[in-house]
């Protein structure tokens, strides 16, 4: 079942009229992990900002629509956005240290979300926050509630971010390069956690990355971006074994030690 | 000279190097971090030695020590057989041109207010008596070597793409015809299609310039692609050294094994083992007695907690510091 659909999205920069996204279309199915693959500046993150209605004021959506459960998000009023953003669709970003509030304990940061969106009282929000922390695999969650972001390791911080993003039990999670700043061992832990949430909760995930290994590991389907355009959409296995677009092929060949036979076949 | 006895010429060497950093925490208290805990390593002529490790393991500090940019708290650094502590200023300067560096982010390592021609002329003018016009032919030549046209001569760094900038940084290092180049994650700030180009360029330049590389990286995959020898660092120590072609074919140190098991190869998707992942890496503040990898090791025995293993050669060119592997 389709849960989110981006249709012909075109975004321009107001200043120099440059096209940043050109006629971007793809859809996300319920319970699926959809990978967005592309190099820096190809418009991956811009797409995720557009889905959350967070495009910077200098950018203009020229045409297109984003349907979430049949409703066009682009026609929402600011007040209506509040019921979607962070509640139904939430996001985790690359560097948890810059996206977490450095002067607030992580427990408070989760409670904040629960109070604002779900109107919970402090006591039940506290309880729920502990549950969330233990769900994302943070040991001794009661103690960790009072930790500040800088007291946690990189992997723990990213888990705390995920806990905040999951606080309102969203249907869609956008993960924008969530493991790029992490060491390989921690990276795999976070990927595993996301996979588990996908399977247990049926969480639909849009996973943005430029790393081929990560993409193949986590995604069910892949959307390939090139200079603001979608050049290929397909099942992960198919994209990796039989890429159709020449750009996708060049991406795959850029992997050090990619099989040579593959270039001819 | 025992160095002459070995079949290979040693370009640079560190002997039992320790590096301590004092960190201020709060107003009165200080904490000590050991970035390096007794590292000894040789770089041979014409080789690419990859230093592989996760963030905070001390690989960048080791690179800076090799470059003479950082003074070790304890231990010696040798360039071409000479202890750099005992060199006079003039001798140091004459050897300094032979040891050059390329850093991770070309945007911050190139002066934004200088044109490419001036950026490349600076190393020449500080080392030789040379006029700008005389330098030009050398600059043009080195630009050609790194695959840039002389159109970029009068550009500023911001006018170039990331890959072009990294080529300029490379040209600046190569223009003095160094014998050793320390490359500190030279491709991790670049896009993936550009990364491969730079790696291939590095391979090509190593042969044409006859230089040795110290290639600092966190990616096991790029290390495998570029290196001839790989040294794995953990917690300020070298835990394993092996020829690059042996990767995955020998009994590795448990940490290298862990790195191999979590590396995600898009063309060979095997399910990584998750058993070893449960324990978080320890922080560099903690004092360790015994093997630093002990808390995360799946082969640990009781004496690993108290005794620290030494690097021991288990087969030609393959050194491991692990009781289980000796």
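Chains as they are written, first to last, in my numbering: chain A, 1013 to 1277; chain B, 229 to 554. Quick reminder that beta carbons are idealized off the backbone N, C-alpha and C, glycines included.
(request) Spell out a yes or no on whether the stretch 236-247 of chain B and the stretch 287-296 of chain B are touching, meaning 3 or more CB-CB pairs, one atom from each, closer than 8 Å. (result) yes
(request) For the alpha helix (DSSP H) holding residue 361(B), just list the boundary residues, first then last. (result) 360-373
(message) Quick check on DSSP: helix, strand or coil for residue 234(B)?
(response) Any reading at residue 234(B) is ruled out, since the residue's pLDDT is 39, under 50, leaving its predicted position unreliable.
(request) Using a Cβ-Cβ cut-off of 9 Å, state whether residue 461(B) counts as contacting chain A. (result) no
(request) Just mark residue 1013(A) as buried or exposed, buried being the case when its beta carbon has 16 or more other beta carbons within 10 Å. (result) exposed
(message) Would residue 1261(A) and residue 1216(A) be called neighbours here (beta carbons separated by less than 9 Å)?
(response) no
(message) Does residue 1152(A) pass the burial test, meaning 16 or more other C-beta atoms within 10 Å, or should it be called exposed?
(response) exposed
(request) Give the single residue among 493(B), 453(B), 491(B) whose Cα lies nearest to the Cα of residue 1268(A). (result) 453(B)
(message) Taking 8 Å as the cut-off, does the stretch 1069-1079 of chain A touch the stretch 1096-1115 of chain A (at least 3 CB pairs, one atom from each stretch)?
(response) no
(message) For residue 411(B) and residue 441(B), which I take to be in contact (beta-carbon distance under 8 Å), what is that distance rounded to the nearest angstrom?
(response) 6 Å
(message) Strictly by DSSP, which residues pair up with residue 412(B)?
(response) 444(B)
(message) Let me check understanding here. Comparing Cα to Cα, which of 1263(A), 1244(A), 1253(A), 1218(A) lies closest to residue 1061(A)?
(response) 1218(A)
(request) Say whether the stretch 368-386 of chain B touches the stretch 327-347 of chain B, bearing in mind that this needs 3 or more beta-carbon pairs closer than 8 Å, one atom from each stretch. (result) yes
(request) Would you decide whether residue 1078(A) is buried or exposed? Buried here means 16 or more other CB atoms lie within 10 Å of its CB. (result) buried
(request) Reducing DSSP to helix, strand and coil, say where residue 1026(A) ends up. (result) coil
(request) Measure the beta-carbon distance from residue 1169(A) to residue 1150(A) and round it to whole angstroms, keeping in mind my assumption that it falls under 8 Å. (result) About 10 Å; that fails the 8 Å criterion.
(message) For residue 1229(A) and residue 492(B), which I take to be in contact (beta-carbon distance under 8 Å), what is that distance rounded to the nearest angstrom?
(response) 5 Å
(message) I'd like to check one pair, residue 525(B) with residue 549(B): are the Cβ atoms closer than 9 Å?
(response) no
(request) Have a look at residue 419(B) and residue 255(B) and give me their C-alpha separation to the nearest angstrom. (result) 42 Å
(request) Would you kindly work out how many angstroms separate the C-alpha atoms of residue 1144(A) and residue 400(B), rounded to a whole number? (result) 51 Å
(request) Apply the 10 Å Cβ neighbour rule to residue 316(B) and answer buried if 16 or more other Cβ atoms are within range, or exposed otherwise. (result) exposed
(message) Less than 7 Å between C-beta atoms, sequence neighbours within five positions excluded: which residues of the same chain meet that for residue 1033(A)?
(response) 1021, 1022, 1023, 1055, 1058, 1059, 1240
(message) Less than 9 Å between CB atoms is the rule here; does residue 1269(A) satisfy it with respect to chain B?
(response) yes
(message) Just verifying my parser: in three-state terms, what is the DSSP assignment at residue 1242(A)?
(response) strand
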